[in-house]
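In the numbering used here, the protein residues as written are 8 to 935.
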Amino acid sequence: MTSTFDPAVYAGTPTVNILDNRGLTVREIAFHRAEATDDTDILITRHQYDSHGNRVQSIDPRLYDLMQTDNTVQPNFHWQYDLAGTVLRTVSADAGCTVTLRDIESRPVLNVNATSTVQTWQYEDRSLPGRLLSVSEQSVDEEVPQVIERFIWASHSPAEKNLNLAGQYMRHYDTAGLNQYNSFSLTGVRQSQSLQLLKDDQIPDWNGDNRSDWQNKLDNKIYTSKNITDATGAPLKQIDAKGNTQRLAYNVAGQLKGHWLTIQGQPEQTIVSALFYGAAGQKLREEHGNGVITKYSYEPETQRLTNISTQRAKKYLLNEKLLQSLRYVYDPVGNVVSIRNSAEETRFWRNQKVPSQNTYAYDSLYQLIESTGREMANIGQQNSRFPSPIVPLPSDDNTYTKYIRTYRYDRGNNLTQIQHNAPATRNIYTTEITVSHRSNRAMLSKHGLTPNNIDAQFDAGGHQMSLRTGQSLNWNRRGELQQVTMINRDNGAADEEWYRYNADATRVLKVSEQQTGNNTQQQRVVYLPGLELRETKSGSEITENLQVITIGKTGRAQVRVLRWEAIKPNDINQAQIRYSYDNLIGSSMVELDAKGKVISQEEYYPYGGTAIWTARNQTEASYKTIRYSGKERDKTGLYYYQYRYYQPWMGRWLSADPAGTVDGLNLYRMVKNNPLRYQDESGTNAHDKAQATFKQGKKTAIKQLKIASNFLKESKNDESALEIYRIFFGSHQEADQLPQWKKRIDSVIHGLDKLKTKKNIHYQKDKSGSSSTVADLDVNEYEQRSKGDKSIYLNVYTDALRRVYEDPLLGREHVAHIAIHELSHGVLQTQDHKYIGVLSSPGSHDLTDLLNILMPPANDQERTEKQRRAAGARKALENADSFTLSARYLYYTAQDPDFLLSLRKEYKAFNSKKIDRLIIRPPEWTKR
Numbered sequence: 008m009t010s011t012f013d014p015a016v017y018a019g020t021p022t023v024n025i026l027d028n029r030g031l032t033v034r035e036i037a038f039h040r041a042e043a044t045d046d047t048d049i050l051i052t053r054h055q056y057d058s059h060g061n062r063v064q065s066i067d068p069r070l071y072d073l074m075q076t077d078n079t080v081q082p083n084f085h086w087q088y089d090l091a092g093t094v095l096r097t098v099s100a101d102a103g104c105t106v107t108l109r110d111i112e113s114r115p116v117l118n119v120n121a122t123s124t125v126q127t128w129q130y131e132d133r134s135l136p137g138r139l140l141s142v143s144e145q146s147v148d149e150e151v152p153q154v155i156e157r158f159i160w161a162s163h164s165p166a167e168k169n170l171n172l173a174g175q176y177m178r179h180y181d182t183a184g185l186n187q188y189n190s191f192s193l194t195g196v197r198q199s200q201s202l203q204l205l206k207d208d209q210i211p212d213w214n215g216d217n218r219s220d221w222q223n224k225l226d227n228k229i230y231t232s233k234n235i236t237d238a239t240g241a242p243l244k245q246i247d248a249k250g251n252t253q254r255l256a257y258n259v260a261g262q263l264k265g266h267w268l269t270i271q272g273q274p275e276q277t278i279v280s281a282l283f284y285g286a287a288g289q290k291l292r293e294e295h296g297n298g299v300i301t302k303y304s305y306e307p308e309t310q311r312l313t314n315i316s317t318q319r320a321k322k323y324l325l326n327e328k329l330l331q332s333l334r335y336v337y338d339p340v341g342n343v344v345s346i347r348n349s350a351e352e353t354r355f356w357r358n359q360k361v362p363s364q365n366t367y368a369y370d371s372l373y374q375l376i377e378s379t380g381r382e383m384a385n386i387g388q389q390n391s392r393f394p395s396p397i398v399p400l401p402s403d404d405n406t407y408t409k410y411i412r413t414y415r416y417d418r419g420n421n422l423t424q425i426q427h428n429a430p431a432t433r434n435i436y437t438t439e440i441t442v443s444h445r446s447n448r449a450m451l452s453k454h455g456l457t458p459n460n461i462d463a464q465f466d467a468g469g470h471q472m473s474l475r476t477g478q479s480l481n482w483n484r485r486g487e488l489q490q491v492t493m494i495n496r497d498n499g500a501a502d503e504e505w506y507r508y509n510a511d512a513t514r515v516l517k518v519s520e521q522q523t524g525n526n527t528q529q530q531r532v533v534y535l536p537g538l539e540l541r542e543t544k545s546g547s548e549i550t551e552n553l554q555v556i557t558i559g560k561t562g563r564a565q566v567r568v569l570r571w572e573a574i575k576p577n578d579i580n581q582a583q584i585r586y587s588y589d590n591l592i593g594s595s596m597v598e599l600d601a602k603g604k605v606i607s608q609e610e611y612y613p614y615g616g617t618a619i620w621t622a623r624n625q626t627e628a629s630y631k632t633i634r635y636s637g638k639e640r641d642k643t644g645l646y647y648y649q650y651r652y653y654q655p656w657m658g659r660w661l662s663a664d665p666a667g668t669v670d671g672l673n674l675y676r677m678v679k680n681n682p683l684r685y686q687d688e689s690g691t692n693a694h695d696k697a698q699a700t701f702k703q704g705k706k707t708a709i710k711q712l713k714i715a716s717n718f719l720k721e722s723k724n725d726e727s728a729l730e731i732y733r734i735f736f737g738s739h740q741e742a743d744q745l746p747q748w749k750k751r752i753d754s755v756i757h758g759l760d761k762l763k764t765k766k767n768i769h770y771q772k773d774k775s776g777s778s779s780t781v782a783d784l785d786v787n788e789y790e791q792r793s794k795g796d797k798s799i800y801l802n803v804y805t806d807a808l809r810r811v812y813e814d815p816l817l818g819r820e821h822v823a824h825i826a827i828h829e830l831s832h833g834v835l836q837t838q839d840h841k842y843i844g845v846l847s848s849p850g851s852h853d854l855t856d857l858l859n860i861l862m863p864p865a866n867d868q869e870r871t872e873k874q875r876r877a878a879g880a881r882k883a884l885e886n887a888d889s890f891t892l893s894a895r896y897l898y899y900t901a902q903d904p905d906f907l908l909s910l911r912k913e914y915k916a917f918n919s920k921k922i923d924r925l926i927i928r929p930p931e932w933t934k935r
């Protein structure tokens, strides 16, 4: 097989949905083949529903086939519902059985998970606002439950009001320790917060009412972080727990334009000096403080990224140099088929040409089936162990060799085989994966392991219980990896790594311990906002104390600054700045120092695992922690993705997806088996660029609405605001309606702010029967959400979203419009009576249908004209697009007063019937 795009593979392989007479999808049919000459395998996923239209069962093609010969095989999912149509009980072949009970207000009150842990929520009584007070959990063998979370709410004292604490919880005792919120901004952004971790020997249990007992469980160290934000909530300054300050600046569109860092006690230094963007909001150029410039190129028709060029300018007595130039080639649907780094020379070794190029081939389901690339000649077989780097940076041709990998999958989308072949070095091996006959649980194949006993390698909740023989995995009751034993010795001394998480499942502490003779080596990492505190001990003696200032995504580069508080090693600079430049999926490819010189380079196999790893010296190499897909690799070989851990040597997650079916029926599949196109930021949902753009659109929507709200707050703007209000909601409206308008806008801001694009959205390819629908909000699910509940209430259809975002006349502006529109359905109970036209007049808003709502037909003889207009105004007030556009036109007016002049002129002509249609070109689009 050659790794080139072959259209014949995809011919006659559509995705077909079969609907019943209620419009519900009962069959999903896919057609699979790997090569054009292969027979087509028809894959049918089956769904069943109850009389109310609730889905009660789903089964994939593989388990359905097994069920035909073994009636004990169960479907992938069973669901049971309460009388309100809310899921009461979920039975998953992968994740086990979960039962959730809710109260009359649809708040969760009790949950029993697959490992029989009972979790309960306690709220204020009915005479109070009903806020969450505590969360408890209890195993079946425990008599008294542990209180794992406790919320202490602020009162309304003058002191607390001055800090904007009134109505907020000011102390949150959780599974990591105590989070104390010291002050909030007027817009509800936390300005100051402090963290106290649990002592290592303590468990999270906040029972009783004696706070001194709780305090005794906490470590004495307090870590305080501070934020200063603008009126839209965007951060302007971030001060970490060690006093290091990050400063950010934005352009008029709210996009980052500069980033600076002040290390405690030192002068400010530039991290990002300038960023430039295109009309669709995409980055075009970045200039970093180390003299390196990154440029981006895009396909004009699709806006797909085609080139990332990273070049060092002539500076610091160094010559100009192209450091990296990644050129991407796609097939027609957006799968990456080739990546070439033009900055690297082609090498020749053992009669083979070794270019710096990777190629990829896919089956008709867009699963990766073949990859080619280059690897280190001495790499050996991929496993959980990490290869040693080549130091210093290589310059000869005998360092790298070519490889080819092929991948096989079963009918349930499980990766079952990876064949690796590097013939020049005879690095030839096959990784076989054995999958259960009753679920999608799987392990590396080994003697004695069969599909019938795989499930015994997992607990009831679908958590893998060992990595390899002797390497046990221990999980806490919330399904979080708690401890990994890497070496177990007869004398009881073990090499292990253990972790602690907060209530959001974010890791806040990692401790690694190794036994060396009679001594214990310990590495400890505390994760804080913008900062990692890394401490190494030999016995009780501290041998290293390191601050890692994490600057995150400063444009393309992820920047980390290493500052030693004590015992700096040789061969590395104090306060070393490391710019990490990534690829399309966020993997750290090349690290540069403050002068733009190369520190290290790394390349990866498609599913993770390092293929090439070189560095200037061994010491600098040892301090790289962020690797594949921009995530941290632990000593275990696992990658941490917040909600789950990933095994790159198997291309599988270590546990079942806690988000359920958001990524399909297979809860262990990694990024839809297409790791070049999709990313998974948190371990719950694979997404590509189109999905990531919804988060950008949401951010733009919040910014625009906040500016609109602030515009309404100023009485000097009442005349302009009322003019816009009357255009959309009737000429009879008066200024006393403006406060209510502001209140409605503020409510939608709050709803957008609470919308979590990773937790509350179900991303799917398209909507059955409607290829143009970008998103729709499930009002029932939205009304049943509550604090701590990860309910999914918004559907986003990625094909349609991609078309909107990639259209230069729509782009992020229209994604923001969609976000406001959909949230207004849930927050304000708006309806869809009429829509604006954006496709009939590209680059403009056609307001004709919206304004016609205000003028009901004259043939309605039963009502007077005044009554008809009043009815039209009521209808306009409940119309989603009328609310959305009126609020955004406030924003446009606040940004550019001339916009209102133009709107007034066009509206007057339309109202006097001089023009048939009211077409408005927004200023954000006029700039394009």
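Think of the CB as a built atom: it goes at the ideal place given N, C-alpha and C, for glycine as much as any other residue.
DSSP three-state label for residue i, please.
i, result
"Ser-380", "In the sequence on display, residue 380 carries Gly and not Ser. Note: Gly-380 maps to strand in three-state DSSP."
"Gly-240", "coil"
"Gln-389", "coil"
"Gln-75", "helix"
"Thr-182", "coil"
"Val-336", "strand"
"Leu-135", "coil"
"Tyr-630", "coil"
"Leu-762", "coil"
"Lys-575", "coil"
"Phe-701", "helix"
"Glu-790", "helix"
"Ser-473", "strand"
"Tyr-147", "According to the sequence provided, residue 147 is Val. The question's Tyr does not apply to it. Reduced to three states, the DSSP call for Val-147 is coil."
To which residues of the same chain is residue i closer than 7 Å at the C-beta, ignoring the five residues directly before and after it?
i, result
"Ile-49", "Ile-36, Phe-38"
"Arg-29", "Gly-60"
"Asp-760", "Ile-709"
"Val-786", "His-832, Gly-833"
"Ile-376", "Ala-41, Ala-368, Tyr-369, Asp-370, Thr-413, Tyr-414"
"Asp-89", "Leu-95"
Measure from the alpha carbon of residue i to the alpha carbon of each residue in the options, then state which is nearest.
i, options, result
"Gly-658", "Val-119, Gly-546, Gln-331, Ser-391", "Ser-391"
"Gln-198", "Ser-232, Gln-276, Gly-215, Thr-182", "Ser-232"
"Gln-583", "Ser-851, Arg-570, Lys-920", "Arg-570"
"Tyr-436", "Tyr-648, Ser-58, His-427", "His-427"
"Lys-774", "Ala-782, Ile-768, Asn-767", "Ala-782"
"Leu-474", "Thr-492, Arg-567, Asn-421, Arg-484", "Thr-492"
Could you please give the first and the last residue of the uninterrupted alpha helix (DSSP H) stretch that includes residue i?
i, result
"Ala-883", "872 to 884"
"Thr-269", "Looking at the DSSP string, Thr-269 is not in any alpha helix (DSSP H); the run it does join, the beta strand (DSSP E), is 263 to 269."
"His-828", "818 to 835"
"Asp-856", "855 to 859"
"Asp-725", "725 to 736"
Spell out whether any CB of chain C is found under 8 Å from the CB atom of residue i.
i, result
"Gln-200", "In summary, chain C is missing from the structure at hand, where a single protein chain is found."
Excluding the 5 residues flanking residue i on each side, which residues of the same chain have their C-beta closer than 6 Å to its C-beta?
i, result
"Gln-565", "Ser-587"
"Ser-595", "Ser-587, Asp-589, Ile-633, Arg-634"
Tell me which residue opens and which closes the beta strand (DSSP E) that residue i is part of.
i, result
"Lys-360", "359 to 361"
"Lys-774", "From DSSP, Lys-774 is part of no beta strand (DSSP E); its letter is neither H nor E."
"Glu-156", "153 to 160"
"Thr-1008", "Outside the shown range of the chain, which is 8 to 935, sits residue 1008, and nothing can be said about it."
Which same chain residues end up closer than 8 Å to residue i when comparing Cβ atoms and leaving out the 5 residues on each side of it in sequence?
i, result
"Tyr-534", "Thr-513, Arg-514, Val-515, Leu-516, Lys-517"
So does the stretch 676 to 684 actually touch the stretch 613 to 626, counting three or more Cβ pairs closer than 8 Å?
Three or more beta-carbon pairs drawn from the stretch 676 to 684 and the stretch 613 to 626 are found closer than 8 Å, and the two stretches are therefore classed as touching.
Stretch pair the stretch 347 to 365 + the stretch 325 to 337: three plus CB contacts closer than 8 Å
A contact exists between the stretch 347 to 365 and the stretch 325 to 337.
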